[in-house]
Amino acid sequence: MRQKSKKLVITFDSTADAMAMECSAQSNGIPGRIIPVPSEISAGCGMSWCADECDAPRVLSDVENHAIAYLGIHYLMMY
0 MRQKSKKLVI
10 TFDSTADAMA
20 MECSAQSNGI
30 PGRIIPVPSE
40 ISAGCGMSWC
50 ADECDAPRVL
60 SDVENHAIAY
70 LGIHYLMMY
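Under numbering that gives the first Met the number 0, think of the first position of the sequence shown as 0, with each following residue one higher.
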């Protein structure tokens with residue numbers, strides 16, 4: 000059985016912002032993927048970026064360096 004682990008989840012106001020995150024991450028080798036916003040969070044466009052907590056510094060640095068608009072930053076226990 001898979002174990003839950005702590006994840007970084009970034010929510011966005013719009014689908015365009017989520018897609019900008021995905022494009023930037025792919026171009027810069029930033030780990031993570033787009034997922035539906037977890038049920039624990041009620042926010043934004045319904046899409047979010049998820050990465051392992053250990054990758055949070057790289058992900059957040061990419062968000063800041065490329066001025067990607069986001070709604071919130073959350074840390075959740077997830078599969």
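The beta carbon of each residue, even a glycine, is placed where N, CA and C say it ideally should be.
What runs of the alpha helix (DSSP H), each 4 residues or longer, lie entirely inside the stretch 5-75?
14-27 and 55-64
In this structure, does DSSP put residue 0 in helix, strand or coil?
coil
Top-ranked residue by Cα proximity to residue 35, from 52, 26 and 13
13
With the cut-off set at 8 Å, would you say residue 10 and residue 78 are in Cβ contact?
no
Please list, in chain order, all residues of the same chain as residue 6 whose beta carbon is under 8 Å from its beta carbon, the five residues on each side excluded.
49, 50, 51, 52, 74, 75, 76 and 77
Kindly give me the distance between the Cβ atoms of residue 19 and residue 67, rounded to whole angstroms, as I take these residues to be in contact under 8 Å.
5 Å
Could you work out which residue in 43, 4 and 54 is closest to residue 31 when comparing CA atoms only?
54
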